[in-house]
Each structure stands twice: as structure tokens, then as C-alpha cells.
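Student: Note that the protein sequences, when read in sequence, are chains E and Z.
Reading the first sequence from the start, the letters are residues 26 to 163 in this note's numbering.
Reading the second sequence from the start, the letters are residues 26 to 163 in this note's numbering.
Number of protein chains: 2
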Amino acid sequence: MARDVFHDKVRHALESDGWTITADPLGFSFDLFNLMLDLAAERVLALERGTEKIAVEIKGFGGISKITEFHAMLGQYENYRSALELRDPTRQLYLAIPDMLYNTFFQSELVQYTLKRNLIALLVYDPDEEVIREWIKP
Amino acid sequence: MARDVFHDKVRHALESDGWTITADPLGFSFDLFNLMLDLAAERVLALERGTEKIAVEIKGFGGISKITEFHAMLGQYENYRSALELRDPTRQLYLAIPDMLYNTFFQSELVQYTLKRNLIALLVYDPDEEVIREWIKP
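(1) Using only the alpha-carbon positions, how far apart do E:Phe131 and Z:Glu73 sit?
(2) Can you tell me which of the three DSSP states Z:Lys91 falls into?
(3) Which partner residues of Z:Gln117 appear in the DSSP bridge assignment?
(4) Quick one: is Z:Thr93 buried, meaning 16 or more other Cβ sit within 10 Å of its Cβ, or exposed?
(5) Does any C-beta atom of chain E lie closer than 8 Å to the C-beta of Z:Ser133?
(6) Taking its Cβ as the centre, do 16 or more other Cβ atoms sit within 10 Å of Z:Asp63, making it buried, or is it exposed?
(7) So, does the CB of Z:Ile92 fall closer than 8 Å to a CB anywhere in chain E?
(8) Mind checking which residues open and close the alpha helix (DSSP H) that includes Z:Asp139?
(9) Beta-carbon within less than 7 Å of E:Lys222's beta-carbon, same chain only, minus the 5 sequence neighbours each way: which residues are those?
(10) Of the residues that make up the segment 115-133 of chain Z, which ones have a beta carbon closer than 7 Å to any beta carbon in chain A?
(11) Taking all protein chains shown into account, decide if E:Glu103 is buried (16 or more other Cβ within 10 angstroms of its Cβ) or exposed.
(12) So which of Z:Asp151, Z:Ser133, Z:Leu144, Z:Tyr105 has the shortest CA-CA distance to Z:His53?
(13) Determine the extent of the alpha helix (DSSP H) in which E:Leu126 is found, giving its start and end residues.
(14) Around the Cβ of E:Thr139, are there at least 16 other Cβ atoms within 10 angstroms (buried) or fewer (exposed)?
(15) Report the residue from Z:Leu51, Z:Asp42, Z:Thr47, Z:Asp29 whose alpha carbon sits nearest the alpha carbon of Z:Leu109.
(16) Determine the closest residue to Z:Ile161 out of Z:Leu120, Z:Lys91, Z:Glu154, Z:Leu135, with distance taken between C-alpha atoms.
(17) Please name the residue, chosen from E:Arg68, E:Glu155, E:Leu148, E:Leu147, that lies closest to E:Glu77 on a Cα-to-Cα basis.
(18) Using CA atoms only, rank isn't needed, just tell me which of E:Ile89, E:Val156, E:Pro114 is closest to E:Pro123.
(19) Using a Cβ-Cβ distance cut-off of 8 Å, determine whether E:Ala108 contacts chain Z.
(20) If you drop the 5 nearest sequence neighbours on each side, which residues of the same chain put their C-beta closer than 6 Å to that of Z:Lys91?
(21) Smallest Cα separation from Z:Leu144: which of Z:Asp56, Z:Met125, Z:Asp151, Z:Leu118?
(22) Considering only the alpha carbon of each residue, which of Z:Ala80, Z:Phe31, Z:Asp29 lies closest to Z:Trp44?
(23) If the criterion is Cβ atoms closer than 8 Å, does the pair E:Ala38 and E:Tyr127 meet it?
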């Protein structure tokens, strides 16, 4: 499936979960380049606790090797988190990955260690049902 | 220049600087995959302070966008550092980058912030002279 197919699936899953999409994509300008994060969304919290704001970087299941793909998504996550710290510090970044990827490659020893070490927040989605399966925040 | 041209240049620069190359590449096995780091080297320290051990991941200056390349190298660095923490914890990981890249793209606001935030150690090399210009350890 093409990248934008996964994009739409995650967007639908967030909307079904009660989120309002506020940017698609979410852009930031820096001195030498611009960054585009895939989605921004927000949701009003119960009991007057305000609004929860997230940014989501969406990954499908590409053709290159899983470890190469993992390095690319990990580097994006780290750099986008830096961008949010500088420009939009109350927004939590999530990496959206399909449940099949989470249940296989992401269970490996080193990937699990790196996710915890680097405090990577995951949104695990089911691309067939277009629903969110799990929010994992270390 | 092809990737292995930069590889040889950094290897020569390290040897000129008094390092002994101990692995080329340095491999680690994990449950679902193997990792190959570009180089391992060591050097005897003065005054009986033992041996300094490093691993070096070598980057040239590829054809894809610099920000995409930066994400790939950042993700590799983070995951390889995790691998060293688990399997070879006294070895310091360096990301080797050409001086031209360090003096331009790497000076941008967000890249500098991310390098400090993520404690990335850099080895800046001159690919023409095949010498090390700077060791940068945050």
C-alpha cells in the first residue's frame, strides 16, 4: 500500500477515537529547512482538564529492510520531538505503526530496548479495521 | 563518491591519528537481525590510563535530501548506541561526517539542538586530506 493509504487510515482511526484533526500536515520552518509532520490532532479532556494535543508521524510497512526503516523512523521521531520542544512544547509526539509491525519486528530485544531508552511514544493501529489498538507511552 | 570511498578515507584518517582498526565492520547479533557498525578502533592512552575503544559510523554526503539523510544517520546512531550499551558498553560511538557537511547543514538551529539533546558524539573529517579535523563529544 502506498504511504498516503496508511495516512488516511490513521486519520480515520483518530477521528473514530474522538480526535479532531487540526493540521494535515503540521509544518514548521527552521533556518535551513522546513519540516512537515504528518498530522496534528486534539481532543477535549473530561472534567475540565483542558485539551490534549498530539502530533502523529505515520509509518506503514515499506519495501526496504525493516532495520533500515526503523532507523529512518527513529531519526525522524527524535528530530521532530526536538522541533516540537522548540516550537510547540505542549504537543506530544506519537509514532503510528501498524499492529502487524508492532507484534513482530518491534518485539525484538534491541528495538524494545531502544524504544524505552529513547522514550518513544507509539500509536499502534489496525490498518484493516482503521482503529487504534494501543497507545504506548513509556 | 561511493560510500566505501568515505569509509576508506575515515579509516586512513584514524590510522594517521594513531588508532588501530580492530574491526571493519563490527558485527552484533540480535534475536531478529544482525547489525554491522562501520569500524571499531582502539588506542592506548598515556600514563597507564588503559585503552580507549570507539566505534565509528561513517557518513559521506549522499544524493537524497540532507534532512532525510540526517534522520537516517540519527536513527542509526541511536540504535547502534543501544546495541553497544547492551553488548560492548565501554565503547564510545562516534558519527563520522565530512567537514563540509558539519560546517553547513549541521550548523542549523534544529540540528545543533538535536545533537546536544541526544548527546551525539561527532568525528569531523576532511575527505580530501584524509585527516580528522575535530572530535566533538557533548
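Glycine residues also receive a C-beta, built at the ideal position from the N, C-alpha and C atoms.
Tutor: Checking against the coordinates, here is how it stands:
(1) 43 Å
(2) helix
(3) Z:Ile79
(4) exposed
(5) yes
(6) buried
(7) yes
(8) Inspection of the sequence shows that residue 139 of chain Z is occupied by Thr rather than by Asp. Taken as a continuous stretch (DSSP letters only), the alpha helix (DSSP H) holding Z:Thr139 covers 134-142.
(9) Chain E is shown from 26 up to 163; residue 222 of chain E falls before or after that span and cannot be answered.
(10) Within the model displayed, chain A is absent; protein chains E and Z are what it includes.
(11) That one is buried.
(12) Contrary to the premise, residue 53 of chain Z reads as Phe rather than His in this sequence. Of the listed residues, the one whose Cα sits closest to Z:Phe53 is Z:Tyr105.
(13) 124-128
(14) buried
(15) Z:Leu51
(16) Z:Leu120
(17) When each option's Cα is compared against that of E:Glu77, the closest is E:Arg68.
(18) E:Val156
(19) yes
(20) Phe130, listed in sequence order.
(21) Selected option, being the one with the closest Cα: Z:Leu118.
(22) Cα-wise, what sits closest to Z:Trp44 is Z:Ala80.
(23) no
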